[in-house]
Amino acid sequence: MTRTRHSTPTFQLRLVADKDVVIGPGKADLLEAIDRSGSIASASRELGMSYKKAWQLIETMNRHFATPLIDTRMGGSQHGGATLTPLGREVIDHYRALERRLAPDDCPEARALLECLAPSE
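According to this note's numbering, the sequence shown is numbered sequentially starting from 49.
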């Protein structure tokens, strides 16, 4: 049997419900980019994704959380925009906290699982 050699394995935290990734690394990055830029269009450009894809990710998150994570204002480049709702900020805070807790440097179980992998060459 040929063993897969791993260069730099990492963990990626995802919350999945009804076959949808409710929140994961890409969606967390999108929320943070919207928070920085105040715009879904700017955030999607920053992350190298289409505006349509960004909206699809937002709609998936909004379907699964109790209230929307993004508040939008109509108006285009002059008056429009987007901001995180209080729940959006809370979701990001919890997600990033979980990522930190599960980091192999801080989580013995994560470190032990990585040590079970075939050695890299």
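Even for Gly, the Cβ is constructed at its ideal location relative to N, Cα and C.
Quick caveat: nothing in here was measured; it's all calculated off a predicted structure.
Round the Cβ separation of residue i and residue j to the nearest angstrom and send it over; I've been treating them as touching at under 8 Å.
i: residue 171; j: residue 77; result: Only positions 49 to 169 of the chain appear in this structure, which leaves residue 171 out of reach.
i: residue 167; j: residue 158; result: 18 Å between Cβ atoms; not a contact.
i: residue 70; j: residue 63; result: 5 Å
i: residue 117; j: residue 139; result: 6 Å
i: residue 112; j: residue 65; result: 6 Å
Going straight from the alpha carbon of residue i to that of residue j, what length do you get?
i: residue 141; j: residue 67; result: 23 Å
i: residue 135; j: residue 162; result: 33 Å
i: residue 61; j: residue 122; result: 33 Å
i: residue 101; j: residue 56; result: 28 Å
i: residue 165; j: residue 59; result: 13 Å
i: residue 143; j: residue 132; result: 15 Å
i: residue 128; j: residue 75; result: 21 Å
i: residue 81; j: residue 92; result: 8 Å
i: residue 149; j: residue 86; result: 29 Å
i: residue 115; j: residue 155; result: 32 Å
Identify every residue that forms a DSSP beta bridge with residue i.
i: residue 119; result: 131
i: residue 63; result: 71
At what residues does the alpha helix (DSSP H) containing residue i begin and finish?
i: residue 162; result: 156-163
i: residue 150; result: Careful: residue 150 lies outside any alpha helix (DSSP H) and carries neither H nor E.
Where in the stretch 79-106 do unbroken runs of the beta strand (DSSP E), each at least 3 residues long, occur, reported from the N-terminal end onward? none
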